[in-house]
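Participant:
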Amino acid sequence: MLVAGLAWGTYVPIVFYGGQELTGKPGELGGRLMSILCVGMAYFLLAVLVPSGLMSSGITPWPASITGSGLFFSGMAGVAGAVGAICVIFASKSAVDSAKAAGLPPASFRVYIAPLIFGVAPVINTMVSLLWHPKKGGDFLHFGLEHLPDPLLWVGIASVASGAFLVLFAKEQSEAAPAPKPGAGK
Numbered sequence: 042m043l044v045a046g047l048a049w050g051t052y053v054p055i056v057f058y059g060g061q062e063l064t065g066k067p068g069e070l071g072g073r074l075m076s077i078l079c080v081g082m083a084y085f086l087l088a089v090l091v092p093s094g095l096m097s098s099g100i101t102p103w104p105a106s107i108t109g110s111g112l113f114f115s116g117m118a119g120v121a122g123a124v125g126a127i128c129v130i131f132a133s134k135s136a137v138d139s140a141k142a143a144g145l146p147p148a149s150f151r152v153y154i155a156p157l158i159f160g161v162a163p164v165i166n167t168m169v170s171l172l173w174h175p176k177k178g179g180d181f182l183h184f185g186l187e188h189l190p191d192p193l194l195w196v197g198i199a200s201v202a203s204g205a206f207l208v209l210f211a212k213e214q215s216e217a218a219p220a221p222k223p224g225a226g227k
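Using my numbering, the first residue of the sequence shown is number 42, and each one after it goes up by one.
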């Protein structure tokens, strides 16, 4: 879990900087899209070649049964991950544009991207996991609330909502603050 947290926790700042370095002109989206191509190549190397190599070499066996629903939903997980990564790129572009419009340095608002995305994502994950109970064998249309969660779950969700509000409120406060004068703070 720690490695996953480290990887996802550094993703937005790294992809933001990479896109910034690949962008030629201010306001251009091409460099940011190029950064997502680089992410895709990294996914290919790590998510296609490594498992294929491990299974082909016999280090771990190929699955005994490969089902259509298993392939479909695993592919849909890949689509969801790719859509999320592309949305981070668009959020980065929007953050740069908003900062420039507010007369701030381009990277000023990148700090707000990850808390919003990774604050909302666990809530959605929790709600889907709470309500969707697919059964092995292709019965994926199994929905319902099988048991009531502990009330602290709702406290946690309210805390995430409060956190998202505070992140957005802090962003608005930053935009409303007067721009620092040149040479101030020296």
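Just so it is clear, CB atoms sit at the ideal spot from N, CA and C, and this is done for glycine as well.
How many Å lie between Val152 and Val91 at the Cα?
Facilitator: Looking up residue 152 in the sequence shown gives position 111. Looking up residue 91 in the sequence shown gives position 50. Each residue's alpha carbon lies about 33 Å from the other.
Participant: Taking the alpha-carbon positions, what's the Ser106 to Phe131 distance?
Facilitator: Stepping through the sequence shown from its first residue, residue 106 is reached at position 65. Stepping through the sequence shown from its first residue, residue 131 is reached at position 90. When rounded, the distance between both Cα atoms is 39 Å.
Participant: Check whether the Cβ atoms of Ile198 and Val164 lie closer than 7 Å to each other.
Facilitator: Against the sequence shown, residue 198 aligns to sequence position 157. Against the sequence shown, residue 164 aligns to sequence position 123. Yes, the pair counts as a contact, with Cβ atoms nearer than the cut-off.
Participant: Between the stretch 65-82 and the stretch 121-138, do three or more beta carbon pairs fall short of 8 Å?
Facilitator: The answer is yes - the stretch 121-138 touches the stretch 65-82, with three or more Cβ pairs under 8 Å.
Participant: Roughly how many whole angstroms lie between the Cα atoms of Met42 and Trp49?
Facilitator: The residue labelled residue 42 in the question sits at position 1 within the sequence shown. The residue labelled residue 49 in the question sits at position 8 within the sequence shown. The straight-line gap from Cα to Cα measures roughly 11 Å.
Participant: Spatial neighbours of Met96 within its chain, please: C-beta separation below 8 Å, excluding the five flanking residues on both sides.
Facilitator: Counting from 1 along the sequence shown, the entry for residue 96 is found at position 55. Answer for Met96: Pro102, Trp103, listed in chain order.
Participant: From this set, Ala136, Met168, Pro156, Ala142, which residue's C-alpha is nearest Ala148's C-alpha?
Facilitator: Here residue 148 refers to the residue found at position 107 when the sequence shown is read from its first residue. Residue Ala136 is the option with its Cα nearest to Ala148.
Participant: Who pairs with Phe184 in a beta bridge, going by DSSP?
Facilitator: Position 143 of the sequence shown holds residue 184. According to DSSP, which records beta bridges pairwise, Phe184 is partnered with Trp173.
Participant: Whose C-beta lies closer than 7 Å to the C-beta of Ala155 among residues of the same chain, with five residues either side of it excluded?
Facilitator: By one-based count along the sequence shown, residue 155 stands at place 114. Contacts found: Val53.
Participant: Taking only the alpha-carbon atoms, compute the straight-line gap between Phe150 and Gly179 and give it to the nearest angstrom.
Facilitator: In the sequence shown, counting from the first residue as 1, residue 150 sits at position 109. In the sequence shown, counting from the first residue as 1, residue 179 sits at position 138. Computed Cα separation, rounded: 44 Å.
Participant: Please confirm whether Ser139 and Gly60 have their CB atoms less than 7 Å apart.
Facilitator: Against the sequence shown, residue 139 aligns to sequence position 98. Against the sequence shown, residue 60 aligns to sequence position 19. Not closer than 7 Å, so no.
Participant: Please identify the residue among Phe85, Pro175, Thr64, Tyr58 whose C-alpha is closest to the C-alpha of Ala123.
Facilitator: For this step, residue 123 is matched to residue 82 along the sequence shown. Comparing Cα-Cα distances from Ala123 to each of Phe85, Pro175, Thr64, Tyr58, the minimum goes to Phe85.
Participant: Between which residues of its own chain and Pro175 is the CB-CB distance below 7 Å, once the five residues before and five after are set aside?
Facilitator: Taking the sequence shown and counting its residues from 1, one reaches residue 175 at position 134. Once the five neighbours on either side are set aside, the close Cβ partners of Pro175 are Phe181, His183.
Participant: Terminal residues of the continuous alpha helix (DSSP H) containing Thr51?
Facilitator: Indexing the sequence shown from 1 puts residue 51 at position 10. Thr51 -> alpha helix (DSSP H) spans 43-63.
Participant: Would a C-beta distance cut-off of 7 Å place Val208 and Leu157 closer than the cut-off?
Facilitator: Residue mapping note: residue 208 aligns to position 167 of the sequence shown, counting from 1. Residue mapping note: residue 157 aligns to position 116 of the sequence shown, counting from 1. Yes.
Participant: Where does Pro146 fall in DSSP's three states?
Facilitator: For the purposes of this step, residue 146 is taken as the residue at position 105 of the sequence shown. DSSP places Pro146 in coil when its eight states are reduced to three.
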